[in-house]
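Okay, so here's the structure we're looking at.
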Amino acid sequence: MDPVIIAHGGIEFRHSGSSTSRKQVALNNAVVQGYAAICNGKPSVEAVEMTISILEDDQHFNAGYGSVFNADGEVELDAGMMNGTTLKVGSVGAIKDVDHPITLAKYVMELTEHSLLVGKGARKFAAGLKVPKLFRGSLANFHLQSRDRWDTGTPESC
Amino acid sequence: TVGVVAIDAEGRCTAGSSSGGGSGKMAGRVGSSAIAGAGFYADSSIGGCVATGHGESIMQSCLCFNLVDQMSLQAKSGQLAMLAVKNVVEAATRRFKKSVGIVALDCDGEFGVAFSAPRMPWAYCRRGKLRFGAESGENYVKDV
């Protein structure tokens, strides 16, 4: 069949002008790169990982380097992946100081019999892999805009 | 949150999601991007989807599993992914009174996009054409 890919960049409650336009451009570019990968024979698992990694590296999105802070002023990330052919799942929850959480999620899916790793166990799992690790707190220090957006009030979801 | 669904030339569907969660969330809170069936789901015989928005509502409604299940039922009646996506987003928004959004592919590569917030940037690529938009009704097309 024809390779196909779709992505979203998260919901927004207001139009933030030029930053919104840059977000659309960045999303389009990431999807085109993911599309090229599957057209060149990469399996969909690799295309999804690659496309999300590009978005995690872009500070316009609330993922990876663009992530918002939690109530303690830290960055904790969630990621998950599902292979629709094997129905295997891999996820990481509230993970810190990992360059690409989606890559770690993929490894949970492919290398373990488990579906979701969190906390110390997830860090230990990451430490045994060739997943780029960051110095403690570097994601929190990376993006000053995240500090500007930091809401220390209790969110509705908690 | 960001999310991607892809189907390769072999018909293998994969869904993935990654998120920093909500600003000011409690430390240790895990959101829907890590929960299969909530923030993402894929079944190559039906299709796949990824969700964004209010994570607790997405988890409480098993939103993505629900959508893939709906797509399975609707495919039998010849309806497209788009209708299933709209129905599921409307139902979740009505029930939980929170904003959510979904992008989906069915196993034929047709897509669905729906969201109950003012904006959700999305992009879809197939047969050398890129479709994209962010606000309700937007569906721009360009060659890639």
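First to last, the sequence lines map onto chains A and B. Numbering-wise (our numbering), the first sequence opens with residue 9 and increments by one. Numbering-wise (our numbering), the second sequence opens with residue -12 and increments by one. Backbone N, C-alpha and C fix where the C-beta goes; we use that ideal spot for every residue, glycine too.
Query	Result
Any chain B beta carbon closer than 8 Å to A/Cys166	Annotation note: pLDDT 47 at A/Cys166 (below 50); position unreliable, coordinate value reported separately. Interface residue, yes.
Three-state secondary structure (DSSP) of B/Ile89	strand
Beta carbon proximity, A/Asp10 to chain B, threshold 8 Å	yes
Within chain B, the residues that A/Gln32 reaches when beta carbons sit closer than 7 Å	Pro108, Phe119 and Ala121
Alpha-carbon spacing of A/Asn70 relative to B/Val(-11), whole angstroms	7 Å
Contact set for B/Phe27: own chain, Cβ-Cβ below 6 Å, skip 5 residues either direction	Ala2, Ser4, Val37 and Cys51
Proximal residues to A/Pro109 (C-beta, below 6 Å), its chain only, five neighbours per side dropped	Leu85, Ala87, Val100 and Ile103
B/Cys0 and B/Ser19 closer than 8 Å at C-beta	no
Exposed unless 16 or more other CB atoms sit within 10 angstroms - verdict on A/Met90	buried
Every unbroken alpha helix (DSSP H) inside the segment 45 to 84 of chain A [4 residues or more]	52 to 64
Between the CA atoms of B/Gly115 and B/Ala21 - distance to the nearest angstrom	32 Å
Counterpart residues of B/Tyr111 in DSSP-defined beta bridges	A/Ile14 and B/Arg118
For A/Asp86, three-class secondary structure by DSSP	strand
Limits of the beta strand (DSSP E) - the one that B/Gly34 falls within	Gly34 to Gly40
Rounded C-alpha distance that separates A/Ala134 from A/Leu112	7 Å
Counted within 10 angstroms of its Cβ, other Cβ atoms place B/Leu60 as buried (16 or more) or exposed	exposed
Chain B within 8 Å of A/Val83, Cβ atoms only	yes
A/Cys166 versus A/Cys47 - alpha carbon distance	Note that A/Cys166 has pLDDT 47, beneath the 50 cutoff, so the model's placement of it is unreliable and no number is given.
Beta bridge counterpart(s) of A/Lys111 as assigned by DSSP	Before going further, note that residue 111 of chain A is Thr rather than Lys in the sequence given. In DSSP, A/Thr111 forms no bridge with anything.
Buried versus exposed, by CB contacts within 10 Å (16 or more), A/Leu137	exposed
Nearest residue (CA-CA) to B/Val(-9), options A/Ser61, A/Gly81 and A/Ser123	A/Ser61
Distance between B/Ile89 and B/Gly34 (C-alpha atoms, nearest Å)	13 Å
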